[in-house]
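I have placed the structure first, in the form of structure tokens, so that the comments after it can refer back to it.
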Amino acid sequence: MIHWTEVAVHPAIQRYQLLSQFLKSEHQIENEVEFLQGPAEQFQELLHKAMKTSEFVRIGTGFGESVVREFPFSSERISILKTADVLLPSGEKWWTRSATFHGVQKCLGEASSGLDTEKKVLIAGAGALSRAVIAALVKMGFKEFNITNYQEEPVVGLIKDIQKHYFGIKCRYVPMENLILLSGNHSVLANTTPYLKENVLLNELYYLNYLQTGGIVIDFNLNTRDTPLVQEARAVYAKVIEGYQIASWADAICSKWTFGVELNREEYNRQLREVIDVCPPIKDPD
73 MIHWTEVAVH PAIQRYQLLS QFLKSEHQIE NEVEFLQGPA EQFQELLHKA
123 MKTSEFVRIG TGFGESVVRE FPFSSERISI LKTADVLLPS GEKWWTRSAT
173 FHGVQKCLGE ASSGLDTEKK VLIAGAGALS RAVIAALVKM GFKEFNITNY
223 QEEPVVGLIK DIQKHYFGIK CRYVPMENLI LLSGNHSVLA NTTPYLKENV
273 LLNELYYLNY LQTGGIVIDF NLNTRDTPLV QEARAVYAKV IEGYQIASWA
323 DAICSKWTFG VELNREEYNR QLREVIDVCP PIKDPD
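Just add 72 to wherever you are in the sequence shown, counting from 1, and you've got the working numbering.
Right under this line is the structure:
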């Protein structure tokens with residue numbers, strides 16, 4: 073029996089219970105998943121507890137950047153990303169990896185036909201997910217990023233890290249009240265901010281005045297499908313990548329790393345979509 077754990081501020085219980093059951097039913101891999109939840113100040117305690125009992129650890133919301141600080145001997149990519157979502161043992165050490173980074177790459181590869189990398193990218197949010205998606209887009213050839221957030225300070229740190237590690241990349245902070253002034257020369261919008269009533273940034277994103285025809289909207293939300301942002305994107309015939317699609321690729325990639333199995337990703341993606349469909353709908357914030 074393989075025991076694994078997710079450590080998170082808000083655990084992805086439905087997602088990982090589905091993955092555990094899917095590995096049993098579709099791939100005959102006996103496994104069990106445990107969830108350790110707590111605030112930021114309990115991270116080290118929760119992590120060390122998970123490491124004592126688990127063959128690997130998934131790092132969930134709130135702890136992606138903390139785990140990299142805990143393990144400074146990371147790979148070059150993780151050192152640049154400064155965020156990770158998987159902790160794997162190798163020899164006498166544990167190593168951090170980012171399945172989300174690879175999941176974003178896979179989804180972009182499927183949706184990027186005809187995408188103009190000479191155009192700009194708009195990133196909403198400045199946390200761990202933003203770092204992963206920026207790294208994937210830089211690898212695709214994008215060089216100019218506008219980053220918006222309800223607070224400027226996290227963006228300043230993010231831009232500093234990006235310009236330190238990526239040569240020739242331009243980044244600037246755009247206050248959310250200035251989004252309406254952006255011209256339609258952005259190929260991609262990536263929203264990594266949560267769907268909460270108090271998240272007033274979302275209201276400014278819905279106009280999509282900044283998105284060129286045929287652009288891509290990436291919405292990392294994993295609590296419900298067809299968010300207001302996704303609905304607006306489809307209304308203007310933009311390509312859409314939803315959070316569950318990135319998550320299913322990330323889980324397929326992580327399953328290869330941890331269980332050595334080629335996950336039936338298409339079927340898992342379908343089942344994950346159904347799990348999200350039964351979640352309570354999120355209303356358009358006002």
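Heads up, the beta-carbon is just placed ideally off N, CA and C, and yes, glycines get one too.
Ordered along the chain, which non-local residues of its own chain (more than five positions away) have a Cβ less than 6 Å from that of residue i?
i	result
P353	Note that P353 scores a pLDDT of 44, beneath 50, so its modelled location is shaky and nothing firm can be said.
K178	W321
Y340	F94 and S320
L119	V79
V289	L261, A305, A310 and V312
E98	N336
F115	F135 and S138
F331	I101
Locate the alpha helix (DSSP H) running through residue i, then write down its first and last residues.
i	result
T125	F115 to T125
Q86	I85 to H99
A207	A200 to M212
A53	Shown here, the chain extends from 73 to 358; a query on residue 53 therefore has no answer.
V139	G136 to E142
R337	R337 to D349
R149	E148 to L153
F331	G315 to F331
Who are the near neighbours of residue i in its chain, counting only those whose CB is closer than 7 Å to its CB and skipping five residues on each side?
i	result
K154	E137, V140, R203 and D233
A208	F173, V176, Q177 and L180
Q235	I241 and C243
G315	D291, F292, N293 and L294
Which stretch, first to last residue, makes up the beta strand (DSSP E) that contains residue i?
i	result
A196	K192 to A196
L108	N103 to Q109
P161	V158 to S162
F217	E216 to T220
K178	Premise fails: K178 lies in the alpha helix (DSSP H), A171 to A183, not in any beta strand (DSSP E).
T296	No beta strand (DSSP E) contains T296, which DSSP labels as neither H nor E.
T77	I74 to A80
F128	F128 to I131
Contact defined as beta carbons within less than 8 Å: I believe residue i pairs with residue j. What is the distance between those atoms, to the nearest angstrom?
i	j	result
I131	V79	6 Å
I313	A183	6 Å
L294	A112	In fact, because the Cβ distance is near 20 Å, the residues do not count as touching under 8 Å.
N281	L254	7 Å
H258	V193	6 Å
E106	T77	5 Å
G227	Y245	Reading the sequence as shown, one finds Val at residue 227 and not Gly. Right, the Cβ-Cβ distance comes to about 5 Å (below 8 Å), so this counts as a contact.
V198	L230	Looking at the sequence shown, residue 198 is not Val but Ala. Between L230 and A198 the Cβ distance is about 5 Å, and since that is below 8 Å, they are a contact.
Evaluate residue i with the Cβ neighbour count: other Cβ atoms within 10 Å of its Cβ, from every protein chain shown; 16 or more gives buried, anything less gives exposed.
i	result
D358	Per-residue confidence for D358 stands at a pLDDT of 33, beneath the threshold of 50, marking its modelled position as unreliable; the derived number appears in the next sentence. With fewer than 16 Cβ atoms within 10 Å of its Cβ, D358 is classed as exposed.
H82	exposed
D349	exposed
R169	buried
K96	exposed
E276	buried
I252	exposed
P266	buried
A196	buried
Q223	exposed
Between residue i and the rest of its own chain, which residues show a CB-CB distance below 8 Å, the 5 nearest in sequence each way excluded?
i	result
R87	L294, A319, D323, L344 and V347
So that I know if they touch, is there some Cβ in chain B lying closer than 8 Å to that of residue i?
i	result
T125	You won't find chain B in this structure, because it holds only one protein chain.
Exercise. Enumerated in chain order, which unbroken segments of the alpha helix (DSSP H) with a length of 4 residues or greater are wholly contained in the segment 223-292?
Worked result: 225-237 and 273-277
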